[in-house]
Amino acid sequence: MTAGAGIATALWGPLLKKALAVQAHNATRSIKDVEHIVILMQENRSFDHYFGTMKGVRGFGDRFPVPLKSGQRAFHQSDGQQIVPPYRAHGKTSNAALVTGTPHNFSDMQAAWNQGKYGFWPLFKTPYSMAYYTREEIPFQYAMAESFTICDAYHCSIATGTDPNRIMFWSGANFDPEKRAAGINCTDEDSEPVNLRCWITGALPEPGYKYKGNAFKWPTIPDVLDKAGISWRIYQNPNDNWTGAMHGCLAFESFREAKPGSSIYENGMRHWTLENLKNDVMKGTLPQVSWVLPSQKDSEHPGAPSSPYRGADFTHAVLEAITSNPEVWSKTVFFLTFDENDGFFDHLPAPAVPSFNLDNTLAGKSTVNLAGMYFDNSKGDHNYIDKRDVISGNLRPWGLGPRVPMYILSPWSKGGWVNSEVADHTSVGQFIEKRFGVEIPAISPWHRAVCSDLTSAFDFITPNDPKFPRLPDTSDHAARDEASKRLPKAVAPTTPSSLYQEKGTRFSRALPYRLHCHFQALKNENKVRLTFDNKGTAGAVYHVYDLHHLDDIPKRYTVESGKSLDDEWMLAAGGEYDLEVYGPNGYFQRFAGNIHLDAPVAQIDYDHEKGRISVSLENAGSSALRLKISSNAYDHAEEASIEIAPGNKTKKSWDLAGSGNWYDFTITTTNGYLHRFAGRVETGRHSISDPAMAADI
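Residue 1 is where the sequence shown starts when you use the UniProt record's numbering, and the numbers rise one by one after that.
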């Protein structure tokens, strides 16, 4: 840890050595070696807010932020009067520990997201939403990420608040899966757009909880586990769980009607302490699946009564409990994530289902049936849309929402890795499915296509590593909170801050993506066509921004594994086009030019075995073409001048081994044609994060 961390140099040595030095159970060299899953969901932090400055993740040094209507890029958000880029909540000069919370409900989230356009995040979320931390402010969180695995493409499931995301987390859906399967878009009668059903009054066991809203009836994950005979427990104080808000199962009939003596009540409603958790670990009776619920003060929620320091200390206590028996820890996975982003900014466009334009057409397409995947705001007594949010109508995508941190701590995920496969709250459920052979019926086909089961974050074959990094002490959290309170608020500076991210790479897990986007000029129709292929083993969402029409909703295309779809863009009379295409883990292409002018036909080919890339160029015109191929990063060889005679072809190839299989090239001609293509060629082998991340800031 850096000397500037501002904490005692006492380190988390003994506990860390247990967590990191214990050999992973490796009997089957598969996920079957996992015998226990422990899950903690904390409160309200976005990925950029916590880790936008950490090296080796997709943070503030992202080389391809999406364009805004203003002509600037995603980090240049406006409060309606001035630009408010991300700014540091500095721990030495401001009350960074208790940074002000921000609006985080369905209406303001929809307005700030702007169906993928962004632009006015501070207007709808306040300028405080742009605050972020560095490793100096949150050393414990950085150290966990750098000792185990951090996911930088894990999204909350719903672009709204706590209850909807926790209901999703505990059941696989926050909208009725039977109605979704029937193609019916849910209203607030059969879905949870805002906090309602988990906010109880009363106490257990007497006089009992009193609930709000009608109960949902589809099975929760605990219901599924119970039926399958898989042991589980929720460790919580039922009378100190933020009046039920931490407990997503309280929205469901099976929990509301559970009686003392039943498995649901005894395991999911009783008071089970961290001491009980530790005793279960020590005795070897830890359930196969366990959830830990924080109290309000331990929840890491911004703006008091919690803080990153208090949340870190609670996490420390949970880890101390689950690592107290090395034999049990050798067989345990600990997932630690956050329910939603509060209002804190995250720059990465959410891989969501396509939005609806005002004329009721879809801004995009999907190979997965999208019927039932939208919230219907047109019915009922409540309006959940901000009156200023007029870009779309009453049908709004359920998700995904912004990125939130996800740490994966286990003997199979240690070593400071980043995992960049798209995931969300259903992914933890899918991991449970994968391990125990159960089915969580509420998870939609769209989520199964796009969101991972998190197994790509693990090394179940050769997991054991004797190295053990050091983590900082957390016992001084109260003193740090008090010291922070004596400092002024962490407000946005009057002069916009420069973006900052640490330079460097980290080990990066292999991903299942093999994406191909092809361009075709349809001159006779004054159109261009993009074809989206997916030759990988996981579904993906392509985002397309039309730089000539940034007032439009960007189009999104969900393409399942092994499938393809295409779409066309009608051009203005002049024939000019400028389209940017974004995909997971930095996949990017830009197509710009004029279809009435001569241009090459370019074909990008990927060698996924050897980690090479090639581009085939054909001149289908009647006169010679002069081209230039530029390498925008990684020091790959350039081609300053290529001339292709009419009817001829040429091919250029590059070995990407020296860059960890990352590439970024631009093909240009003298008449304005531009084709840029960037990303990482996946070989099935682990690599490194983008070496050029943060190179431009």
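No residue lacks a Cβ here, since even glycine has one placed at the ideal position from N, Cα and C. What you are looking at is a predicted structure, and each value in this text was computed from that prediction instead of being measured.
- What number of angstroms, rounded off, separates the C-alpha of Asp33 from the C-alpha of Phe338? Counting from 1 along the sequence shown, the entry for residue 33 is found at position 33. Counting from 1 along the sequence shown, the entry for residue 338 is found at position 338. About 26 Å.
- Alpha carbon to alpha carbon, how far is Arg680 from Leu625? Give it in angstroms, no decimals. Your numbering for residue 625 matches position 625 in the sequence shown. Your numbering for residue 680 matches position 680 in the sequence shown. The straight-line gap from Cα to Cα measures roughly 29 Å.
- Task: Taking the CB atoms as reference points, tell me whether Val528 and Ile39 lie closer together than 9 Å.
- Result: To locate residue 528, count along the sequence shown from 1; it is residue 528. To locate residue 39, count along the sequence shown from 1; it is residue 39. No, the Cβ-Cβ distance between Val528 and Ile39 is not below 9 Å.
Item to check | Segments of 3+ residues assigned as beta strand (DSSP E) that fall wholly inside the segment 589-620 | outcome: 601-607, 612-618
ask   = In its own chain, which residues sit with a C-beta less than 6 Å from the C-beta of Phe431, not counting the 5 before and 5 after it?
value = The sequence position of residue 431 within the sequence shown is 431, counting from 1. Closer than 6 Å at the Cβ level, and outside the excluded window around Phe431, lie Asp453, Leu454.
Quick one, are the C-beta atoms of Lys523 and Ile595 less than 9 Å apart? Position 523 of the sequence shown, counted from the first residue, corresponds to residue 523. Position 595 of the sequence shown, counted from the first residue, corresponds to residue 595. Going by C-beta atoms, Lys523 is nearer than 9 Å to Ile595.
Quiz item: Below 8 Å, can you find three or more Cβ-Cβ pairs linking the segment 193-209 to the segment 133-153?
Solution: no
*Taking the runs of the alpha helix (DSSP H) that are 4 residues or longer, which of them lie wholly in the segment 310-339?*
326-329
Reduced DSSP secondary structure (H/G/I, E/B, other) of Ala8:
In the sequence shown, counting from the first residue as 1, residue 8 sits at position 8. Low per-residue confidence applies at Ala8: pLDDT is 27, beneath 50, and the placement is therefore not dependable, though the value from the model is reported in the following sentence. Looking at Ala8 - three-state DSSP - the assignment turns out to be coil, as it is neither helix nor strand.
* Report yes if the C-beta distance between Asn341 and Gly393 is below 9 Å; otherwise report no. => Counted from its first residue, the sequence shown places residue 341 at position 341. Counted from its first residue, the sequence shown places residue 393 at position 393. Their beta carbons are not under 9 Å apart, which means Asn341 does not touch Gly393 by this criterion.
_Which of the three DSSP states is assigned to Met54 in this structure?_
Taking the first residue of the sequence shown as position 1, residue 54 is located at position 54. Coil.
Contacts around Glu137, its chain only, beta-carbon distance under 6 Å, and the 5 residues preceding and following it disregarded: As a position in the sequence shown, residue 137 is number 137, starting the count at 1. Cβ neighbours of Glu137 beyond the five flanking positions: Gly91, Ala96.
Point to revise | 9 Å Cβ cutoff met for residue 706 and Ser653 | key: Absent from the structure is residue 706, since the part of the chain shown begins at 1 and ends at 697.
Going straight from the alpha carbon of Asn114 to that of Asp346, what length do you get? Along the sequence shown, one-based indexing puts residue 114 at 114. Along the sequence shown, one-based indexing puts residue 346 at 346. Those two C-alpha atoms are separated by around 13 Å.
* Asked: Grouping DSSP H, G and I as helix and E and B as strand, with all else coil, what is Asn276?
  -> For this step, residue 276 is matched to residue 276 along the sequence shown. Note: Asn276 maps to helix in three-state DSSP.
Q. With Glu554 and Val541 assumed to form a contact (beta carbons below 8 Å), what rounded beta-carbon distance in angstroms separates them?
A. In the sequence shown, counting from the first residue as 1, residue 554 sits at position 554. In the sequence shown, counting from the first residue as 1, residue 541 sits at position 541. In the sequence as displayed, the identity of residue 554 is Pro instead of Glu. Not confirmed; about 11 Å, so no contact.
Would you mind giving the Cβ-Cβ distance between Lys649 and Ala640, rounded to the nearest angstrom? I have them listed as a contact below 8 Å. Counted from its first residue, the sequence shown places residue 649 at position 649. Counted from its first residue, the sequence shown places residue 640 at position 640. At roughly 20 Å, the Cβ-Cβ gap does not stay under 8 Å, so Lys649 and Ala640 are not in contact.
### Beta-carbon gap between Leu293 and Val328 smaller than 9 Å
The count along the sequence shown starts at 1 and reaches residue 293 at position 293. The count along the sequence shown starts at 1 and reaches residue 328 at position 328. It is not a contact, given that the beta carbons lie outside the stated cut-off.
Taking all protein chains shown into account, decide if Trp121 is buried (16 or more other Cβ within 10 angstroms of its Cβ) or exposed.
To locate residue 121, count along the sequence shown from 1; it is residue 121. Buried, by the Cβ-count rule.
**Item:** Alpha carbon of residue 698 to alpha carbon of Tyr384, nearest angstrom
**Value:** Outside the displayed range of the chain (1 to 697) lies residue 698, so it cannot be described from this structure.
Report the partner residues of Arg680 according to the DSSP bridge assignment.
-> To locate residue 680, count along the sequence shown from 1; it is residue 680. Beta-bridge pairing links Arg680 to Trp662.
- Residues of its chain near Asp280, where Cβ-Cβ distance is below 6 Å and the 5 sequence neighbours each way are ignored: As a first step, residue 280 is located in the sequence shown; it is residue number 280 there, counting from the start. Result list for Asp280: Leu286, in chain order.
- Query: Is Trp218 helix, strand or coil when you go by DSSP?
  - Reply: Numbered from 1 along the sequence shown, position 218 holds the residue referred to as residue 218. DSSP places Trp218 in coil when its eight states are reduced to three.
Q | 6 Å Cβ shell around Arg590 - same chain, five flanking residues per side excluded | A | To locate residue 590, count along the sequence shown from 1; it is residue 590. Within the same chain, Arg590 has close Cβ partners Glu580, Arg676.
Would you list, in sequence order, the uninterrupted alpha helix (DSSP H) runs of no fewer than 4 residues that lie entirely inside the segment 402-447?
425-436
*If you run the structure through DSSP and keep just helix, strand and coil, what is Thr149?*
Along the sequence shown, read from residue 1 onward, the residue named residue 149 stands at position 149. Reduced to three states, the DSSP call for Thr149 is strand.
Quick check: the Cα distance between Pro472 and Ser324, rounded to an integer number of angstroms?
Working through the sequence shown from its first residue, we reach residue 472 at position 472. Working through the sequence shown from its first residue, we reach residue 324 at position 324. No answer about Pro472 holds up, because its pLDDT of 45 lies below 50 and its placement is not dependable.
query: Taking Cβ positions, are Pro411 and Pro463 nearer each other than 9 Å?
result: Residue 411 sits at position 411 when you count from the first residue of the sequence shown. Residue 463 sits at position 463 when you count from the first residue of the sequence shown. Against a cut-off of 9 Å, the Cβ pair of Pro463 and Pro411 comes out as a contact.
Exercise for review: Consult DSSP for Gly504 and reduce its assignment to one of helix, strand or coil.
Suggested key: Translated into the one-based positions of the sequence shown, residue 504 becomes position 504. Gly504 falls in the coil class under three-state DSSP.
* Ranges of the beta strand (DSSP E) found wholly within the segment 36-105, counting only runs of at least 3 -> 36-42
* **Limits of the beta strand (DSSP E) - the one that Asn534 falls within** => On the sequence shown, residue 534 is found 534 positions in, with the first residue counted as 1. Where Asn534 is concerned, the enclosing beta strand (DSSP E) stretches over 527-534.
Using the rule of at least 16 other Cβ atoms within 10 Å of the residue's Cβ for burial, across every protein chain shown, is Gln236 buried or exposed? Along the sequence shown, one-based indexing puts residue 236 at 236. So Gln236 ends up on the buried side.
Next item on the list: Assign His49 to one of two classes, buried (16 or more other C-beta atoms within 10 Å of its C-beta) or exposed (fewer than that).
Entry: To locate residue 49, count along the sequence shown from 1; it is residue 49. The residue in question, His49, is buried, as its Cβ has 16 or more Cβ neighbours within 10 Å.
Can you give me the C-alpha to C-alpha distance between Tyr118 and Pro402, rounded to a whole angstrom?
As a first step, residue 118 must be located in the sequence shown, where it is residue number 118. As a first step, residue 402 must be located in the sequence shown, where it is residue number 402. Roughly 12 Å between the two C-alpha positions.
With DSSP run on the structure shown, which of helix, strand or coil describes Arg166?
Here the question's residue 166 lines up with position 166 in the sequence shown. Helix, per DSSP.
* Could you tell me the distance, in whole angstroms, from the CA atom of Arg685 to the CA atom of Ile391? => Reading the sequence shown from its first residue, position 685 is the one you call residue 685. Reading the sequence shown from its first residue, position 391 is the one you call residue 391. Each residue's Cα considered, the two are about 43 Å apart.
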